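Note that this note's numbering numbers the sequence shown so that position 161 is 191, with each residue one more than the last.
For reference, the structure discussed in these notes is given below.
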Amino acid sequence: MTPVIWRKAGPDDAAALAYLGAATFLSTFAFDHPGKPLIEHLDAEHSADYYAAKLAQADVDIVLGETPLGAPVGYAMLVPPTHPQFQQDGDWELKRFYLLGPWQGGGNGRDLMAQAVQVARDRGAKRLLLAVYESNARALAFYERAGFIHIGETVFMVGDVVFQDRVYAKSLTE
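The following block contains the structure:
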């Protein structure tokens, strides 16, 4: 497998993150997300403008994985927590965690998670939260193997379509 080089994303990475975000979201969720709301979601939440705005925020960190030739293959985005009903003092959130299919299953997910956990610890986080689609069995299993514990439920909107997410937490103080 082609190796992955991990680094902090910068302002010049917005377009690469947009392509990568849209590709991974579409390949993961096209099986049960209606087409029009899905495309509208990609336009709004996975555009170069969206990522440029995120990269400009001091409280957002994005770890980007690339091949040795510079092709983007995965990323993790960490943000202040967005689930007030579950959050505690010292929480940080893993908002996005995406790897292209060919780079899954070979240890890259574990490496990206280690990068994400280190970013959260560097921010002083005591616990890392994330929300994941309840029908994404592969992701659920991965997060549970990585030490995340199911703590509740929330919803994720794609346009006006409601999807159920599970909220997970991982202690970073152990």
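The beta carbon of each residue, even a glycine, is placed where N, CA and C say it ideally should be.
This one's a predicted model, so the numbers in the text were calculated from it and none came from an experiment.
| Query | Result |
| --- | --- |
| Which runs of the beta strand (DSSP E), 3 residues or longer, sit entirely within the region 87-139? | 91-96, 102-109 and 121-129 |
| Kindly list the residues whose CB is nearer than 8 Å to the CB of L179, restricted to its own chain and excluding five residues on each side of it in sequence; keep chain order. | According to the sequence provided, residue 179 is Ile. The question's Leu does not apply to it. The residues are Y198, A199 and K200. |
| Applying the criterion that 16 or more other CB atoms from any shown protein chain within 10 Å of the CB defines a buried residue, is L99 buried or exposed? | exposed |
| Can you give me the C-alpha to C-alpha distance between Y81 and R140, rounded to a whole angstrom? | 24 Å |
| Taking 8 Å as the limit between beta carbons, can you name the residues of its chain near K156, skipping five residues before and five after? | Q118, D119, G120, D121, S201, L202 and T203 |
| Assuming E183 is part of the beta strand (DSSP E), what are its boundary residues? | I179 to V188 |
| Between which two residues does the alpha helix (DSSP H) containing M50 stretch? | Met is not the amino acid found at residue 50; the sequence shown has Leu there. Element bounds for L50: A44 to F59. |
| Taking 8 Å as the threshold, find out whether the region 101-111 comes into contact with the region 121-139 through three or more Cβ pairs. | yes |
| Round the Cβ separation of A106 and L124 to the nearest angstrom and send it over; I've been treating them as touching at under 8 Å. | 6 Å |
| Can you tell me whether D91 is buried or exposed? The criterion is at least 16 other CB atoms within 10 Å of its CB, across all chains shown. | buried |
| State yes or no: is the C-beta of F59 within less than 8 Å of the C-beta of L47? | no |
| For the beta strand (DSSP E) containing R37, name the first residue and the last one. | I35 to K38 |
| DSSP on L202, reduced to helix/strand/coil? | coil |
| Identify the residues that DSSP records as bridge partners of F193: which are they? | F186 |
| Between P64, H63, A45 and L108, which has its C-alpha nearest S77's C-alpha? | A45 |
| Nearest by alpha-carbon distance to N166: which of M143, Q148, A144 and H63 is it? | H63 |
| Taking the C-alpha atoms as reference points, what is the distance between P41 and F193? | 31 Å |
| For R196 and A150, what's the separation of their Cα atoms in angstroms? | 20 Å |
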